[in-house]
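Working notes, structure below.
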Amino acid sequence: MTSIFDYAIPDHIPENLIFALDGDTHPELKKNPFKVFANLPNEAPPIFFNPAAFQGAGGWSISDGAIIKEVLQSPELFSSKNNTGFSFLLGQELDLIPLEIDPPEHRGYRSHFNVPLSPREVAKREDAIRASAIELIEAFESKGRCDFVEQFAVQFPVRIFMDLFGMPRTDFDKILDYEYKLLHVSNTIETRAQAARDIYDYLLKLIAEKRANPKDDLASSILEFTVDNRPLTDKEIMGMYFLLFVGGLDTVASSLGFAWRYLASNPAAQQGLRDNPESIPSAVEEFFRMHSVVEVRRCVTEDMEFHGVQLKQGDFVNCITAVASLDSKEFADPLNADFERSPNRHCAFVFGPHRCMGSNLARLEIRIALEEWLNRIPDFSIADDADIDVNLGAVVSLAKLPLVW
Ligand code: HEM
């Protein structure tokens, strides 16, 4: 077992603020991370230094929902430049745009996505999204069992993203393979780096194809975007393509996995949604709150005292969105589902300038998946009391979810 003495801790960190949060100190993280996150305010100081964060490099983390929101809403003090680690994996500088650009420049890039990812525009995709959900479910419906993660949750958002982006369906297996290799934290760093480079090369070809033969899709629209009255550079276009590729796939897959795990373990909740399908949109919102899957990273821009803690320029801060979404100061009985919860200002899509631009699409995907699933699949449960591990990382996800009905 790792102890905090095994980590190198920077000199400016006071001992009383060191609190290790990892699979060794908290074995339950691998089974039910959300329970651990909900309990964090009882265990750790509001701002603490987690020596295990960022693959053992160490970084600040926060156990108070209000402070998490404050960090996310203060980009001048907490920068998101270089925050995803993809430049490292790619072996070259690439800003994922708009995520790794700070205000005020950020806005000029982000504003282009307002229309194509607006509720009205994504609603136009409803029929195609529904058709994808039905096709995937019908492939295993009569078998009475499936691995939900592998056979539905991972595949569904890939199909939708490929349609949105205008990528040929014939590339589906290739894209799925890249996604598995890149995003599964259990893969070696070499495998993940190779997958990042393969995606980069694939997207490079896609840019050339869309330039030669533009269509009515998001990938073609991005080529027309301007910033400061000039066209985007090739690198900026790649930064946008790459972000959309990595941002909208495993996040949706993981959110689906946790929602279905909850329903599979709670027959009354399943029945409630079958009896009252009009509750599905607010149930989706509650699932986002109960299982906010992303941990975001920020970098301190200047030495400062923040809520009584001395932070140094260059320190990393980890904001676990689930900690804010499960904060009992804001949400009564936070670990329990309340499909009528209102207001429900959860943090799954963060707050501040980088608020997720794909939230409308994500909501639509999960609502449709639930509607079609409950229409077709009778009472379902987890197969053979399977022991299901959680993959920890920037996006927490289920490794598998065997279901039977
Ligand atoms: C359940 C699914 C999703 C979750 C939980 C999620 C979560 C997030 C979070 C937490 C951020 C902020 C990251 C940060 O501040 O460092 C973010 C940003 C972003 N997301 Fe999502 N996301 C989801 C789906 C999607 C989808 C489907 C798309 C695109 C089609 C998308 C596109 C983006 C973009 C473009 C940004 C950057 C916004 C900016 O920097 O201004 N996301 N997302």
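Residue numbers for the sequence shown, in this note's numbering: 7 to 411. Beta carbons are placed, not taken as given, at the ideal position from N, Cα and C, and that holds for glycine. Source: prediction; values computed, not measured.
- R151 carries a strand assignment under DSSP once its states are collapsed to helix, strand and coil.
- No Cβ-Cβ contact shorter than 8 Å links A259 with A343.
- M244: member of the alpha helix (DSSP H) spanning 240 to 253, first to last residue.
- Here T197 carries a helix assignment [DSSP, helix/strand/coil].
- When rounded, the separation of the alpha-carbon atoms in P122 and V401 is 25 Å.
- Judged by DSSP in its simplified three-state form, T176 adopts helix.
- Between S348 and F355, the CB-CB gap reaches or exceeds 8 Å.
- Scanning the stretch 312 to 397 from its first residue to its last, the whole beta strand (DSSP E) runs of 3-plus residues come out as 315 to 317, 322 to 326.
- For the pair R175 and L182, the Cα-to-Cα distance works out to about 11 Å.
- With a cutoff of 8 Å on beta-carbon distance, W379 and I143 are scored as near each other.
- E196 places its beta carbon 8 Å or farther from that of V164.
- Scanning the stretch 37 to 110 from its first residue to its last, the whole alpha helix (DSSP H) runs of 4-plus residues come out as 39 to 49, 59 to 62, 71 to 78, 92 to 96.
- Between I228 and Y247, the gap from beta carbon to beta carbon is short of 8 Å.
- With fewer than 16 other CB atoms across the displayed protein chains lying within 10 angstroms of its CB, R361 is exposed.
- For R303, the pairing in a beta bridge is given by DSSP as N324.
- DSSP lists no beta-bridge partner residue for I166.
- DSSP, reduced to helix, strand and coil, places R236 within a strand of the structure shown.
- Contact between M363 and F119 holds, with the beta-carbon distance rounding to 5 Å and staying under 8 Å.
- In this structure, the beta-carbon distance from I243 to R373 does not fall below 8 Å.
- The beta carbon of S86 sits closer than 7 Å to those of L105, E106, D108, R304, H360, all from its chain and outside the five residues before and after it, given in chain order.
- The DSSP-derived three-state label of L123 is coil.
- Looking at R369, R280, V233, the one whose alpha-carbon comes closest to that of F293 is R369.
- Counting other Cβ atoms within 10 Å of its Cβ, Q161 reaches 16 or more and is therefore classed as buried.
- Using a Cβ distance threshold of 8 Å, A159 and F92 do not count as a contacting pair.
- Checking the 7 Å criterion, the Cβ of T307 is out of range of every heavy atom belonging to the ligand HEM.
- Rounded to the nearest whole angstrom, the CA to CA distance from V329 to A218 is 46 Å.
- The beta carbon of V290 sits closer than 8 Å to those of A265, R369, I372, R373, L376, all from its chain and outside the five residues before and after it, given in chain order.
- Not one heavy atom of the ligand HEM falls within 7 Å of the beta-carbon of H32.
- For D395, the closest alpha carbon among the candidates L317, G245, K37, E308 is that of K37.
- For I24, the secondary structure class from DSSP, reduced to helix, strand or coil, is strand.
- Between the C-alpha atoms of Y115 and L367 there is a straight-line separation of about 19 Å.
- For V410, the uninterrupted beta strand (DSSP E) run begins and ends at 408 to 410, by DSSP.
- Between G358 and P52, the C-beta gap is not smaller than 8 Å, which leaves the two residues out of contact.
- Residue Q316 holds the alpha-carbon nearest to the alpha-carbon of G65 among R113, T239, Q316, G278.
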